[in-house]
Amino acid sequence: MEGVLVTGTAQAGLEGECARCLEDISDEMVADFQELFVYEESDAEEDEALRMEGDLLDLEPVLRDAVVLSLPFQPLCRDDCPGLCVECGARLADDPDHQHDEAIDPRWAALQTLGEATDEEGGRTPGPTEE
Ligand SMILES: [Zn+2]
Ligand SMILES: [Zn+2]
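What follows is the structure in C-alpha cells.
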C-alpha cells in the first residue's frame, strides 16, 4: 500500500456516572490504535482509507474511534457496585446494611385485608369492580 501506517497509544481521562448508582466516575484509560493513511496523491480505490493532507495526517477520527471503542458499555464506580435501593434510592455502597423492614405500607394494608377476605369466600381472585 502507498501510505503511512500509524501506530500509537492514546491516554485519556474519563468523566462519567456509574450506571448503577449514578456516582461520578473519574478514571484514566489507555487505547492502542493503528491506522493506515494513504498518501494524498495515491490512487488507492478504498474510500474508507484515511488520506494524508500533504505531509500531515489528521489523527482525530482515529483517536475518537480508538477511545470510543475502548469505553466500557456500562461504566461502574466499582465492579461490585450494589447500586441504589429500589425503594428509596439510597446509594447502597455508602450504606451496606441499608434495608427496609418488611412492614407493609399502611396505604396498601387495606388492600391486603381485602384480598384475604376474598380468599376466605372461596379463593376467587378479585376482579374489576367497574361494570
Ligand atoms: Zn456505582
Ligand atoms: Zn432504601
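Note that this note's numbering has the sequence shown beginning at 0, numbered continuously upward.
The beta carbon of each residue, even a glycine, is placed where N, CA and C say it ideally should be.
If the five residues before and after Thr6 are omitted, its C-beta is found closer than 7 Å to the C-beta atoms of Gln33, all from its own chain and listed in chain order. Ligand 1 approaches Leu75 closely enough that one of its heavy atoms is under 7 Å from the residue's Cβ. About 5 Å separates the CB atoms of Leu35 and Gly2; that is less than 8 Å, so the two are in contact.
For the pair Gly12 and Glu22, the CB atoms are not nearer than the 8 Å cut-off.
Here Asp93 carries a helix assignment [DSSP, helix/strand/coil]. Under the three-state reduction of DSSP output, Asp64 falls in the helix class. The beta-carbon separation of Pro81 and Ile24, rounded to 16 Å, does not stay under the 8 Å limit for a contact.
Between Val37 and Met51, the C-beta gap is smaller than 8 Å, which places the two residues in contact. DSSP places Ser41 in the coil class of the three-state scheme, outside both helix and strand.
Ala65 sits buried, since 16 or more C-beta atoms from the chains shown fall within 10 Å of its C-beta.
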